[in-house]
Amino acid sequence: MRAGGGAPPRHAPLSPTASATATLVPASVAMPTPRLVHLRHLLSFRSALPRPLGPNQSHPLPGSVHPSLLLPRAMAGVAYAGLATGSAEYEEVLGCLASLITQKVRADTGNRGNQWELMSKYVQILELEESIAQLKVVHVAGTKGKGSTCTFAESILRSCGFHTGLFTSPHLMDVRERFRLDGLDISEEKFIRYFWWCWKTLKDKTGDGVPMPAYFRFLALLAFKIFSDEQVFLTI
51 MRAGGGAPPR HAPLSPTASA TATLVPASVA MPTPRLVHLR HLLSFRSALP
101 RPLGPNQSHP LPGSVHPSLL LPRAMAGVAY AGLATGSAEY EEVLGCLASL
151 ITQKVRADTG NRGNQWELMS KYVQILELEE SIAQLKVVHV AGTKGKGSTC
201 TFAESILRSC GFHTGLFTSP HLMDVRERFR LDGLDISEEK FIRYFWWCWK
251 TLKDKTGDGV PMPAYFRFLA LLAFKIFSDE QVFLTI
């Protein structure tokens, strides 16, 4: 009922001619990129956070939290691995990287020998011995807080004016997050260039005796190549 007491107005039905000529025009909606979708989930999570309560009170998790945000960071890195918004060539690069973590590679007993000896062979194949020897490296080891410690150390050194390189794992959305130059993820262009150089060199010079490096070893070799060619002052 309306405020004045009268019945609400009725809309006149479309005439047969009008309904026959009416057409639906689908709107072209651009799909958001995976990174943008993830950022929107983060923003909705932050906006849904309740105000702090007393010391003896607690809030349940807000219902708007996306399930993916409840995963550990390492699991999220696996879930989002390969989600890229770049070129077709970058997608090809991600496919090559994914081939290094197949079950066949994990079950290869030839990849479980002396890790130091095998890694030394890869360094020799890539001719990185001299470059690595000249790098100033801060190596952080432990069980908890390695990524935070590395990030803090890099930030402090960068604020002092040093040209820094940061290599961490795992990544959350894009594998390029593992390689940072002066606090920024390496560009897609540089990543592709350095990746193909390492990939093709190793493919040409490895075989039955020396298999292709596993996923993390390859990324470590790639980091050495990136930081040496970019002439960073210090690597973390």
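Sequential numbering of the sequence shown, starting at 51, is according to the numbering used here.
Note that beta-carbon positions come from the ideal geometry of N, C-alpha and C, so glycine has one too.
Setting aside the 5 residues that flank it on each side, H213 is surrounded in the same chain by V282 and F283, each with a C-beta closer than 6 angstroms to its C-beta; the list follows chain order.
Annotation: F212 is outside any beta strand (DSSP E) and is labelled neither H nor E by DSSP. About 24 angstroms separates the beta carbon of L231 from that of I175, a gap too long to meet the 8 angstroms contact definition. Cβ-Cβ distances below 7 angstroms link A273 to F217 and F229 in the same chain, with the five nearest sequence neighbours on each side left out; the list follows chain order. Looking only at K250, L185 and R226, the smallest Cα-Cα distance to E239 is reached by R226. Between the beta-carbon of L150 and that of F268 there is about 6 angstroms, and that keeps the pair under the 8 angstroms contact cut. A direct Cα-to-Cα measurement between E180 and Y172 gives close to 13 angstroms. Distance check between M223 and each of A138, L144 and E139 places L144 closest, using alpha-carbon atoms only.
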